[in-house]
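Structure first, then comments.
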Amino acid sequence: MIIMKNSKFDDIRPYYDEEIPEAMKRIASNVSFPLLASYIYPEQSVEEVRKRIAAFKTTHEFQAETMKLVNQRVIENSITNFTCSGLERLNPDKSYLYVSNHRDIMLDSSLLQYYLFINGFDTTEITFGANLMMNPLVVDIGKANKMFKVERPGGSIKDFYQKSLHLSEYIRFVIKEKHQSVWIAQRNGRTKNGIDATDQGIIKMFCMSETTNKIKALAELNIVPVSVSYEWESCDILKTLELYASEYTKYTKKPGEDLNSILTGILQRKGNVHFEICEPISVAELSLFERLTNNEYHKAVAKLLDSRINTAYRLYPNNYIAHDLRYGSDMYRALYTTEQRDTFIKHMDKLERYDTCDIDHLKDIFLGIYSNPIDNKK
14 MIIMKNSKFD DIRPYYDEEI PEAMKRIASN VSFPLLASYI YPEQSVEEVR KRIAAFKTTH
74 EFQAETMKLV NQRVIENSIT NFTCSGLERL NPDKSYLYVS NHRDIMLDSS LLQYYLFING
134 FDTTEITFGA NLMMNPLVVD IGKANKMFKV ERPGGSIKDF YQKSLHLSEY IRFVIKEKHQ
194 SVWIAQRNGR TKNGIDATDQ GIIKMFCMSE TTNKIKALAE LNIVPVSVSY EWESCDILKT
254 LELYASEYTK YTKKPGEDLN SILTGILQRK GNVHFEICEP ISVAELSLFE RLTNNEYHKA
314 VAKLLDSRIN TAYRLYPNNY IAHDLRYGSD MYRALYTTEQ RDTFIKHMDK LERYDTCDID
374 HLKDIFLGIY SNPIDNKK
């Protein structure tokens, strides 16, 4: 397959196939490689795996041989039951912009890629926060896995505008000219409090690269909302502590914190995990908002995505347990067992080790992470 190139995007794009061999050699020689090799290929020696990885010549080989195995290991080792639905809503020959709720730094996009791949769909390009591109190994693995860099907001208004426009132009270029799909989160950063809400600024960014017609601007991106649900919320303890700290001071991430969240998300038990590929946003739906101002249009489309994502979000016993515990009721008592309740409370009680904090408040935040999805559906 011939990949369309544009040097304008060299600062953010993934690797081209001709850049893969050198990237694979760097990955294979990295000091952390033996640890990765033992997780992905536990039955092979490090040297065997090193030769295998160093021999890859294309992104497709890397994804088909290694990233597929990575996701299989995650599913085997930390997921009780992995389910997906909604693929029948898509055309395998069409390029889409998947807009997903965001609960885990890596797995939300990675598991979707796996599901698309094993069902004969091409994998997507994936947004990848610049804050994660600090480690050379992570950069090589990410860019070899079709990830492209997204700059976080900051600096002057002019600088933020230029970066947003650049990102918008790249997304449109990937979908319209490279004929590849794109995955992006519905907001900047993971949802930490359990309230999935699309940032209307994301919708505004999509439109920046097509200013002649706001309906066309979104219609030609073929937006598909994606709803991902974890029985056990990824990094729930870490998210609780971050939300608690942010109430008292401006929260600043510590060095290596994102990498710790990536590893925790991969290794932590997740129970049941479900992905729902929702009905794509249609031209007819967008046209209903034609008379709105641009600002109202962005807000209306964001709400449309929220409606799809929250409706499709799959609730588990933990959500009902948390809601009953938080509000002191038995409203959902028929939807979980005593054993499930005891297991949930035992996990929540791990917060008691942080005895310099207000434990009751910590637990309320924790319960909110699990109970808010119920209120979102309402």
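Everything in the sequence shown is counted per this note's numbering, starting at 14 for the first residue and increasing by one.
No residue lacks a Cβ here, since even glycine has one placed at the ideal position from N, Cα and C.
Residue i by DSSP, collapsed to three states: which one?
i    : result
G155 : helix
Y183 : helix
K252 : helix
K161 : Per the sequence presented here, residue 161 reads as Phe, with Lys not at that position. F161 falls in the strand class under three-state DSSP.
V58  : It should be pointed out that residue 58 corresponds to Ser in this sequence rather than to Val. Three-state DSSP puts S58 in coil, outside helix and strand.
I208 : coil
I118 : coil
S222 : coil
E35  : helix
M80  : helix
A68  : coil
D373 : helix
S320 : helix
F302 : coil
Y367 : coil
D5   : Missing from the structure shown is residue 5; the chain here goes from 14 to 391 and no further.
Using a threshold of 7 Å, state whether the C-beta atoms of residue i and residue j are closer than that.
i    : j    : result
T137 : S194 : yes
P386 : N307 : no
S247 : G278 : yes
I236 : I294 : yes
L150 : N43  : yes
Y257 : I378 : yes
K283 : S91  : yes
D209 : I382 : no
Y52  : C97  : no
I334 : R354 : yes
I216 : V296 : no
S240 : E298 : no
K227 : Y310 : yes
Y243 : R116 : yes
I322 : N114 : yes
H192 : S108 : yes
E190 : M17  : yes
P34  : K70  : yes
P238 : L328 : no
K153 : A41  : At residue 153 the sequence reads Asp, which differs from the Lys that was named. For D153 and A41, no; Cβs fall outside 7 Å.
Going straight from the alpha carbon of residue i to that of residue j, what length do you get?
i    : j    : result
F164 : L348 : Sequence inspection shows Glu at residue 164; the Phe mentioned does not correspond to that position. One C-alpha to the other measures close to 43 Å.
D212 : K363 : 32 Å
T350 : S58  : 44 Å
L338 : T262 : 28 Å
L48  : R39  : 15 Å
R185 : K162 : 15 Å
L280 : V87  : 7 Å
L120 : A50  : 19 Å
N132 : E31  : 27 Å
I170 : K176 : 10 Å
E78  : G207 : 34 Å
M344 : I358 : 18 Å
E233 : L251 : 39 Å
P55  : Q85  : 13 Å
C220 : G214 : 10 Å
S300 : M146 : 39 Å
H374 : H73  : 47 Å
D135 : S342 : 47 Å
R26  : T369 : 44 Å
A230 : G202 : 24 Å
N148 : P330 : 38 Å
D23  : K156 : 12 Å
H421 : D172 : Only positions 14 to 391 of the chain appear in the structure, and residue 421 is not among them; the question remains open.
L110 : K312 : 18 Å
S20  : K81  : 30 Å
A325 : F130 : 22 Å
L103 : I118 : 25 Å
K376 : F46  : 38 Å
N285 : Q76  : 24 Å
W196 : E60  : 34 Å
H287 : L100 : 13 Å
DSSP has residue i in a bridge; who is on the other side?
i    : result
S247 : In DSSP, S247 forms no bridge with anything.
G284 : I92
E138 : V195
P238 : V112
S342 : Paired residue(s): none; S342 is not in a bridge.
S98  : E289
Assign residue i to buried or exposed, taking buried as 16 or more other Cβ atoms, counted over all protein chains shown, within 10 Å of its Cβ.
i    : result
N94  : exposed
A68  : exposed
Q199 : buried
T140 : buried
A143 : exposed
Y183 : buried
S384 : buried
K205 : buried
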